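Undergrad: Have a look at this one.
Number of protein chains: 2
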Amino acid sequence: MDVKTLCLGVLATEDRSGYEIKKTLEERFRHFFRAGYGSIYPALKELERSGLVVCEAVEQQRRPAKKVYRITDAGRRTLEEVLVAEDPRHVVRSEFLVLMYFAHLLPAERVTQVIDAMTAEFDRILNADLEALEQVYDTLTPGQRFALGYGRTMLTAALGYLHRQRGGFLRELQPTEAVDPELRNGGLAAAGD
Amino acid sequence: MDVKTLCLGVLATEDRSGYEIKKTLEERFRHFFRAGYGSIYPALKELERSGLVVCEAVEQQRRPAKKVYRITDAGRRTLEEVLVAEDPRHVVRSEFLVLMYFAHLLPAERVTQVIDAMTAEFDRILNADLEALEQVYDTLTPGQRFALGYGRTMLTAALGYLHRQRGGFLRELQPTEAVDPELRNGGLAAAGD
DNA sequence: GGGCCCATGTAATTAGTTACATGATTAT
DNA sequence: ATAATCATGTAACTAATTACATGGGCCC
């Protein structure tokens with residue numbers, strides 16, 4: 038499943054230009070898929086070439102003209118085929134966790150800074166991006182709600198974990214003051230949620 | 038941050054061959070980073086070329102010889118520099134959620150099958166892979182425990198969400214029987230956890 | 001005047017996956 | 001005998017990112 042499939046999926050609901058598809062992806066797929074113009078425009082061109090979408094230039098007042106794409110019947114068939122045939126992957130690639138994993142090799146301030154930056158980013162996604170989606174909850178399909186709810190659940194869990202672990206973790210990284218074994222054990226217990 | 042950095046990080050703790058690095062990544066980074074031989078071997082070659090690791094061939098009885106890599110001082114410096122300089126990303130790319138997002142375009146059985154497969158995979162990672170790590174909890178650094186705990190928290194939250202939402206979601210996808218608006222509202226409330 | 005939004009696109013580069021190629025030993 | 005594990009590597013390919021290139025309109 039690549040950006041071509043994504044575009045086809047977005048176009049299955051409504052005709053859109055490449056630019057508008059990018060906006061849609063930013064609004065709705067932000068927390069689980071991202072794509073830039075550098076992959077969207079070539080994808081649309083390729084979809085057109087293979088007859089899965091058609092394209093119409095639309096002039097606008099006081100705006101550059103845009104190329105609006107519409108999915109064809111062949112496109113709908115292909116979309117369903119792809120979504121039925123491929124087994125979907127769920128890949129997390131976290132340089133953040135890699136850095137945490139190697140925390141003992143780094144200055145504690147750096148670790149602190151990275152945790153706080155990650156917390157801020159998660160918080161922003163949850164409270165700005167996903168909140169905006171809640172506003173239009175009624176207009177969403179069950180699947181869109183499912184994906185939204187999944188994102189909300191994961192971000193909430195992540196923020197909770199960061200909040201609970203931050204203090205104890207950073208204390209453990211300080212080699213200067215000896216850590217009470219009881220406390221370290223407390224860290225273990227706290228990790229269990 | 039690429040596979041080169043990962044290898045350097047793993048070697049910062051202990052000398053290892055490419056094959057052993059792969060095993061380590063599978064055991065310990067499975068839920069947030071993966072790399073195959075096709076990226077690990079070239080990475081080690083490049084690290085050696087730039088003097089960040091050195092390599093020694095080790096003959097073994099009844100086993101093929103292996104090339105054990107050791108990190109150099111320059112390697113340790115570079116590793117820290119990279120981990121301090123780059124701001125780490127945390128990227129989720131979920132074809133699973135894409136498929137859920139487009140669930141209304143698919144047969145309900147397909148959606149069911151995909152949810153159940155995802156559930157099984159999460160369950161396996163949580164109960165086999167991460168459980169094995171708990172066995173050696175005492176030998177882990179705080180950072181390794183942090184990463185482990187994060188993974189456990191996320192997987193538990195994901196499994197909880199899938200478990201809670203599965204029934205209601207699949208019912209909503211059935212267009213045959215009309216859905217009681219009250220129930221649909223119930224789905225909304227349930228999504229709020 | 002500066003910066004952002006709308007709007008489309010290409011080229012070079014990066015990075016990683018997949019498949020191929022080889023081969024001994026060990027366990028079932 | 002057959003599969004799995006140990007062990008290394010390359011070549012072709014796929015896919016996406018980043019940077020570049022262009023240009024009008026709108027808002028402060």
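Each protein sequence line maps, in turn, to chains D and Y. Numbered per the working numbering, the first sequence finishes at 230, counting up by one with no gaps. Numbered per the working numbering, the second sequence finishes at 230, counting up by one with no gaps. The beta-carbon is built from N, C-alpha and C at its ideal position, and this holds for glycine as well. Fair warning: this is a prediction, and the values are worked out from it, not measured in the lab.
1. Nearest to Leu170(D) by CA position, among Leu45(D), Tyr198(D) and His68(D), is which residue?
2. Considering Cα atoms alone, identify which of Arg65(D), Arg114(D), Glu158(D) and Arg71(D) is closest to Gly88(D).
3. Using a 10 Å radius around the Cβ and a threshold of 16 neighbouring Cβ atoms, would you call Gln202(D) buried or exposed?
4. Strictly by DSSP, which residues pair up with Lys104(D)?
5. Going by the CB atoms, is the gap between Thr178(Y) and Tyr198(D) shorter than 8 Å?
6. For Glu209(Y), does the count of other Cβ atoms within 10 angstroms reach 16, so buried, or fall short, so exposed?
7. Looking only at its chain, what residues have a beta carbon closer than 6 Å to the beta carbon of Gly112(D), apart from the 5 residues adjacent to it on each side?
8. Could you give the DSSP three-state label for Val121(Y): helix, strand or coil?
9. I'd like to know whether the C-beta of Ser87(Y) is nearer than 8 Å to at least one C-beta of chain D.
10. Check the Cβ-Cβ distances between Arg130(Y) and every residue of chain D, and say whether any is below 8 Å.
11. Would you grab the beta carbon distance between Lys104(D) and Gly73(D) for me? Rounded to a whole angstrom, and I think it's under 8 Å.
12. Less than 7 Å between C-beta atoms, sequence neighbours within five positions excluded: which residues of the same chain meet that for Val40(D)?
13. Taking only three categories from DSSP, how would you classify Val148(D)?
14. Within a Cβ cutoff of 7 Å, which residues of the same chain sit near Leu136(Y), ignoring the five residues on either side of it in sequence?
15. Closer than 8 Å is the cut-off here; do at least three beta carbon pairs connect the stretch 180-190 of chain D with the stretch 124-140 of chain Y?
16. Taking DSSP as the reference, what is the three-state secondary structure of Ser87(D)?
17. Give the straight-line distance between the Cα atoms of Ser131(Y) and Val128(D), rounded to the nearest whole angstrom.
18. Identify each residue in the stretch 66-88 of chain Y for which the Cβ-Cβ distance to at least one residue of chain D is less than 9 Å, and report them in chain order.
19. Round the Cβ separation of Thr149(D) and Leu207(D) to the nearest angstrom and send it over; I've been treating them as touching at under 8 Å.
TA: Quick look at the numbers:
1. His68(D)
2. Arg114(D)
3. buried
4. Ala94(D)
5. no
6. buried
7. Leu45, Leu89 and Val90
8. helix
9. no
10. yes
11. That pair is no contact at about 17 Å.
12. Ala72, Ser76, Ile77 and Ala80
13. helix
14. Val151
15. yes
16. coil
17. 6 Å
18. Phe66, His68, Phe69, Phe70 and Arg71
19. 6 Å
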